[in-house]
Amino acid sequence: MIKTGKEHLEQIRDGRTVYIGDEKIKDVTKHPAFSRAARTVSQLYDLKHQTEFKEDLTYKENGEEYSTWFIQAKNKNDLRKRSKAHKIIADHTSGMMGRSMDHVASFVTGMSTSPEIFNNDNYKFSENLLNYYQHMKNNDIFASYAVVPPQAARNPEFYQKRNLPIPTLSVVDENDKGVVISGMKMLATSAVFANEIWIGNLIPLAPDQVKQSITCTIPCNVEGLTLWMRQPLSNHYDNQFDAPLSWNQDETDVLVMCDNVLVPWEKVFVMNDAIQAREIYFKTPAHCYGNHQSNVRYWSKMELIVGLCSKVAKATGADEVPAVRETLGKMSALEATLSGMIFGQIEKAEDWPKNYKTFNRRIMYAALNFCTDNYSMIIDELRTLCGGGVFQMPASVKVMNNKELIEDFEKYFQTPQMNAINRMKLFKLAWDVVGSEFAGRQLQYEKFYAGASFIIRNHNFRETPWEDFESVVDKVMDKYDIPNKTNKAAE
Ligand SMILES: Cc1cc2nc3c(=O)[nH]c(=O)nc-3n(C[C@H](O)[C@H](O)[C@H](O)COP(=O)(O)OP(=O)(O)OC[C@H]3O[C@@H](n4cnc5c(N)ncnc54)[C@H](O)[C@@H]3O)c2cc1C
C-alpha cells in the first residue's frame, strides 16, 4: 500500500503525548512548532503519487504496490533502485531531514533478509520480525527509532550504589499479554511525525544488562509514552524567506519516556540478551541498508552546500580569486568523493546474506566516517566564503513592504553580480545552513546521528579483513631475508 500525505497526517492526529517545555501539544499537525514540518513529511509521501517519481519510489509485488525501501535486494539493480529512491526523498529537503520514512524502514528490511538472527535458545522472535516487516510494508509505516540509552545512565552500578532508579529504559514486568517497559531512551528524531518508535540498543550493553536489551516497537500514541521535545527551531520566524530551512524542515528530536508501557509479545524482537540486542544490526544488513540511506541523504546536502559555495563566491565577487577557486575545487572534490563512495557501495556489492545482495559494508562505513569527520570543516568553508555578508542583510524580507526602504535597499544592496533581493535570498539560505539555530542542530546531527566518531571507526575496524592487508606486508617481506654469512663476510 502507498499512503498519501493526507492519510499520513490523519494517522498522526492520534492523541500522542508530546511536550514542549510544560506545554502539552494537542495536535502535532496543527501546532505552529510542528505543522510546517508535518506538511513537508506529507509531501514526501505524496512524491510517490507523482508521475515523475512513482516508478523510482514504488515497486510491485503480486499486484500490490509498495515503497521502494521495502525491497529486499537480490541484485545490483535492486540496490540501485533503493539508492535512487533515497536520493529523491533526500533531495526534497536537501538532505536536512535525516530520519525520513526510508531510514528505519531500511533497517527493518535489512533485518527481514536474515530473520533467523532473532531466534535463540530462549526465544523465537523471527516470526515477529517478519510480521513486523510485512506490517510496515503493507501499511507504508513511518517508524523512527530510539536505540541509545540516555547520557550518563550507561553505568547501572552508579545508580545501584546510590539506591537511585536506573533511568535507562528496561523491562519491568512481563505477563501473558506482553512485556512492560519503563525508563528513558536518549532521542528519537522524527518521532513527532512517525507512526511508531523502534526501541533498541545500537551501542554495546554490558552482558548483564539483560533487562535493558529489550528490542520492540511501540505506537507513538501508546498509553504511558511521553515525548519530550527539545527547543523547536521554526518558531522564531513568520515567513519562509527569512529562514527557508528552519521554516519547514525541523524534523524534531524528542527524548522518549516510557512509564509502564505494555508491549504485546508480537512486537518484541529481542529479550534478555544484551549481545543479541546489538548483533541484529550487524549480523543482518540492517545497519548497512539504513546507513546507505544516511550516506545518500548527506550527498543531497553536499550538493546544496557546493552550490551555495559557488553562488556565494559569485555574489561577493570573490569567485575569480585564485585562492577562492581552490576552495571551490576542494568542495567539489569532497562532493565527488562522497558520490563515488555511494556508487562504489553498489558496484562492489556483497553477496550477503545468502540469496541477497547488500551494499558494500566497508565502503558504506568509510562514507559514514567521511561524513561525520568532515561536516564541521565543510560548513566552515562555506561560512568563510560568506564573510560578513550574512549580517549585512536586513533582519527581514519585510523591508520590501516599506515604500521608504525599498528604493534604498534595491539601490545600495545590489552588486554588479546580483540584484538586492536575490542577494538577500541567497544569504538568508546560506545562514540557515551555516549559522542559524537550525544549522547548529544540523551540525550536531551530522556529528552524532550514527554514534560518536569513535563508534563509527569501530565499525570500520570490525569490517576490515586485516589478514588481507597483513598478507600484503608479508609478501613484501618474503622477498628478502637475513643476508647470508658469505655475503656478510664479503662485505
Ligand atoms: C541531533 C541528534 C539526533 C539524534 N537522533 C537520534 C535518533 O533518532 N535515535 C537515537 O537512538 N539516537 C539519536 N541521537 C543520539 C545519538 O545516537 C547519540 O548522540 C550518539 O550515539 C552519541 O552518544 P552521546 O550523545 O551520548 O555521546 P557520548 O557517548 O556521551 O559521547 C560524547 C563525547 O564524549 C567522548 N567520548 C565518550 N566516550 C568515549 C570513548 N569511549 N572513547 C572516546 N571518546 C569518548 C567523545 O568525544 C564523544 O563525542 C541523536 C543525536 C543528535 C545529536
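Using the working numbering, read the sequence shown as starting at 2 and increasing by one per residue. Glycine included, each C-beta is placed from N, C-alpha and C at the ideal position. Note that the structure is predicted; figures quoted are calculated from it, not measured.
Item, Value
"For Lys-358 and Leu-226, the rounded distance between their alpha carbons", "37 Å"
"6 Å CB neighbourhood of Arg-231 in its chain, flanking five on each side removed", "Asp-254"
"Start and end residues, beta strand (DSSP E) containing Pro-265", "254 to 265"
"Buried or exposed (CB count within 10 angstroms, at least 16 for buried), Lys-4", "buried"
"Phe-410 (DSSP reduced to helix, strand or coil)", "helix"
"Beta-carbon spacing of Cys-221, Val-193 below 9 Å", "yes"
"Gly-308 versus Gly-99: straight-line alpha-carbon distance, rounded", "20 Å"
"Three-way DSSP call (helix, strand, coil) for Glu-1 in this model", "Look at the range of the chain in this structure, 2 to 492, and you will see that residue 1 is not part of it."
"Short Cβ contact (9 Å threshold) for Ser-107 with Phe-119", "no"
"Inter-residue spacing [alpha-carbon to alpha-carbon] between Ala-431 and Cys-387", "8 Å"
"Counterpart residues of Trp-229 in DSSP-defined beta bridges", "Tyr-20 and Leu-256"
"Nearest neighbour of Asp-433, chosen from Ser-84, Asn-356, Lys-302 and Gly-184 [CA to CA]", "Lys-302"
"Rounded separation between His-293 and Met-332 - CA only", "21 Å"
"Identity of the residue in Ile-483, Leu-246 and Gln-152 nearest Ile-204 by Cα", "Gln-152"
"Presumed contact (8 Å Cβ cut-off) between Ile-198 and Ser-145, rounded CB distance", "6 Å"
"Residue from Leu-48, Cys-259 and Leu-383 whose Cα sits closest to the Cα of Val-325", "Leu-383"
"Buried versus exposed, by CB contacts within 10 Å (16 or more), Thr-368", "Sequence inspection shows Ala at residue 368; the Thr mentioned does not correspond to that position. Buried, by the Cβ-count rule."
"Thr-30 versus Val-149: straight-line alpha-carbon distance, rounded", "27 Å"
"Ala-244 and Ser-95 closer than 9 Å at C-beta", "no"
"Gln-161: CB within 8 Å of a non-hydrogen atom of ligand 1", "no"
"Contact under 9 Å by Cβ, Ile-343 with Val-297", "yes"
"Assigned secondary structure, Tyr-116 (DSSP; H/G/I helix, E/B strand, else coil)", "Checking the displayed sequence, the identity of residue 116 turns out to be Pro instead of Tyr. If DSSP states are grouped into helix, strand and coil, Pro-116 belongs with the helices."
"Nonlocal neighbours in the same chain, by C-beta distance under 6 Å from Val-42, ignoring five residues either side", "Phe-194"
"Rounded straight-line distance, which links the Cα of Gln-12 to that of Tyr-67", "18 Å"
"Beta bridge counterpart(s) of Ile-198 as assigned by DSSP", "Ser-145 and Ile-219"
"Supposed close pair Asn-202, Gln-213 - CB separation, criterion 8 Å", "7 Å"
"Runs of beta strand (DSSP E) wholly within the region 264 to 311 (minimum 3 residues, chain order)", "269 to 271"
"Start-to-end residues for the beta strand (DSSP E) that takes in Asn-52", "Just to set this straight, residue 52 is Thr in the shown sequence, not Asn. Not the beta strand (DSSP E): Thr-52 falls in the alpha helix (DSSP H), residues 52 to 58."
"heavy atom of ligand 1 below 8 Å from Gln-213 C-beta", "no"
"Leu-58 beta carbon less than 9 Å from that of Ala-86", "yes"
"Alpha carbon of Ala-440 to alpha carbon of Asp-251, nearest angstrom", "10 Å"
"Assumed close pair Gln-73, Ser-115 - CB separation to whole angstroms, cut-off 8 Å", "Rounded, the Cβ-Cβ distance is 10 Å, inconsistent with contact."
"Check: Met-185 C-beta below 8 Å from any heavy atom of ligand 1", "no"
"Contact belief for Lys-75 with Ile-347 at Cβ below 8 Å, rounded distance in angstroms", "The Cβ separation is near 13 Å, so there is no contact."
"Extent of the continuous beta strand (DSSP E) run through Thr-190", "179 to 190"
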